[in-house]
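The sequence shown runs 1 to 112 under full-length UniProt numbering. Where a beta carbon is used, it is the ideal one built from N, C-alpha and C, also for glycine. The structure displayed is predicted, hence computed values, not measured ones.
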Amino acid sequence: MTYVIGSPCIDVKDRACVDECPVDCIYEGKRTLYIQPDECIDCGACEPVCPVEAIYYEADLPDEEQPYLADNERFFANILEGRDAPVGSPGGASKIPVIGMDTRFVKAHPAA
């Protein structure tokens with residue numbers, strides 16, 4: 001199980017969760033943030049600091065946010081537009097530049 005960032009984060013990207021995460025597993029796309037499921041230690045530190053309540057424990061994801069679970073996995077497993085390889089599991093977001101790209105699912109989501 002892992003934590004997932006859902007639709008309320010799109011076009012907000014407050015980053016309070018990034019500062020709170022003890023393992024640096026929250027990566028920045030163009031319009032939203034993503035939690036690397038293999039790096040997340042399920043501590044929950046990110047959830048209460050999110051001002052838009054966009055972070056959910058996987059088992060508690062509301063039905064309307066379920067697509068974000070698979071989308072979060074795609075962000076790390078698939079090759080994103082403009083990249084040569086999947087993001088994968090780099091071992092911490094601060095070890096690589098900001099991704100600056102989102103999955104097709106998020107790109108298609110209307111602005112809030």
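The three-state reading of DSSP puts L69 in helix, counting H, G and I together. By the 16-neighbour rule on beta-carbons within 10 angstroms, I79 is exposed.
In chain order, C50, P51 and V52 place their CB closer than 8 Å to the CB of D14, counting only its own chain and leaving out the 5 sequence neighbours on each side. Judged by beta-carbon spacing, K30 lies within the 8 Å limit of D102, meaning their Cβ atoms are closer than that value.
Here DSSP, grouped into helix, strand and coil, assigns E81 to coil. Taking 8 Å as the cut-off, the beta carbon of V98 is found no closer than this to the beta carbon of T32.
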